[in-house]
Amino acid sequence: MHLDFFAEGIDHDLDEFEKWLATRSFPMPVHTEDGKTHTQVVQGSLRPRRAYSYVFPRECLDVVLNTLEPQDCVHLTDGKGTPILKKAVKIIRKMLKLKPIPKPDPKKGTVPIFKQNVRIIGLGIREDIDKVTGPTHEAL
Numbered sequence: 001m002h003l004d005f006f007a008e009g010i011d012h013d014l015d016e017f018e019k020w021l022a023t024r025s026f027p028m029p030v031h032t033e034d035g036k037t038h039t040q041v042v043q044g045s046l047r048p049r050r051a052y053s054y055v056f057p058r059e060c061l062d063v064v065l066n067t068l069e070p071q072d073c074v075h076l077t078d079g080k081g082t083p084i085l086k087k088a089v090k091i092i093r094k095m096l097k098l099k100p101i102p103k104p105d106p107k108k109g110t111v112p113i114f115k116q117n118v119r120i121i122g123l124g125i126r127e128d129i130d131k132v133t134g135p136t137h138e139a140l
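Numbering (the UniProt record's numbering), first residue to last: 1 to 140.
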């Protein structure tokens, strides 16, 4: 069973809430092949869904895309992507005035990051405006 919800609060209180929720265990009936039922304790699985906007120099687009490997759909156990999510991504991309994510050049490499058990669903890219003055060529 899944319960999807939004929560808001002070940042450190939300962190504590997440820690507590992620460590709760529940009894689950397990049915064996011989027809018997026994109880097994399982841990609740908190799966936050967060939206991010990652800012970096435009020359590093390929490296960032190779590193994060954003997907445009969620692949189910049957290996098929969910078409409803692809539609939702297109709608969100249009609402946020984003461009589609280009295919990166794999020769540009990656940077090491931790992303174990993290699924990254790409929405799109937004190019920065060029900055005429200052220490940078784009307005990050």
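Beta carbons are placed, not taken as given, at the ideal position from N, Cα and C, and that holds for glycine.
Residue from Asp72, Pro57, Pro29, Leu14 whose Cα sits closest to the Cα of His38
The count along the sequence shown starts at 1 and reaches residue 38 at position 38. Taking only the C-alpha atoms, the option nearest His38 is Pro29.
Please name the residue, chosen from Val118, Glu127, Val89, Ile125, that lies closest to Arg47 on a Cα-to-Cα basis.
Position 47 of the sequence shown holds residue 47. Across the set Val118, Glu127, Val89, Ile125, the C-alpha of Val118 shows the shortest separation from the C-alpha of Arg47.
For Lys90 and Lys107, I'd like the C-alpha separation in whole angstroms.
Mapped onto the sequence shown, residue 90 falls at position 90. Mapped onto the sequence shown, residue 107 falls at position 107. Looking at the backbone, the Cα of Lys90 and that of Lys107 are separated by about 28 Å.
Taking its Cβ as the centre, do 16 or more other Cβ atoms sit within 10 Å of Arg58, making it buried, or is it exposed?
Walking along the sequence shown from the start, residue 58 turns up at place 58. It is exposed - the Cβ of Arg58 has fewer than 16 other Cβ atoms within 10 Å.
Around the Cβ of Arg93, are there at least 16 other Cβ atoms within 10 angstroms (buried) or fewer (exposed)?
Numbered from its first residue, the sequence shown carries residue 93 at position 93. Classification of Arg93: buried, given that the 10 Å Cβ count is 16 or more.
Residue 145 to Asp128, Cα distance in whole Å?
Because the chain spans 1 through 140 in this model, residue 145 falls outside it and cannot be assessed.
Collapsed DSSP secondary structure at Phe114 in the structure displayed
In the sequence shown, counting from the first residue as 1, residue 114 sits at position 114. Three-state result, Phe114: coil.
Val41 versus Ile101: straight-line alpha-carbon distance, rounded
The residue given as residue 41 occupies position 41 in the sequence shown. The residue given as residue 101 occupies position 101 in the sequence shown. Cα to Cα, Val41 sits roughly 42 Å from Ile101.
Please state the DSSP three-state secondary structure of Ile121.
As a working mapping, residue 121 is identified with position 121 in the sequence shown. In this structure, Ile121 counts as strand in the three-state DSSP scheme.
Which first and last residues belong to the alpha helix (DSSP H) in which His12 is found?
On the sequence shown, position 12 is the one that residue 12 refers to. If you look at His12, you'll find it in the alpha helix (DSSP H) that goes 11-22.
As a quick exercise: from Phe17, Leu96, Phe56, pick the residue whose alpha carbon is nearest that of Leu123.
Along the sequence shown, one-based indexing puts residue 123 at 123. The shortest C-alpha separation from Leu123 is found at Leu96.
According to DSSP, residues forming a beta bridge with Met28:
The residue labelled residue 28 in the question sits at position 28 within the sequence shown. Beta-bridge pairing links Met28 to Gln40.
Less than 9 Å between the beta carbons of Pro104 and Asp62, yes or no?
The sequence position of residue 104 within the sequence shown is 104, counting from 1. The sequence position of residue 62 within the sequence shown is 62, counting from 1. Contact: yes.
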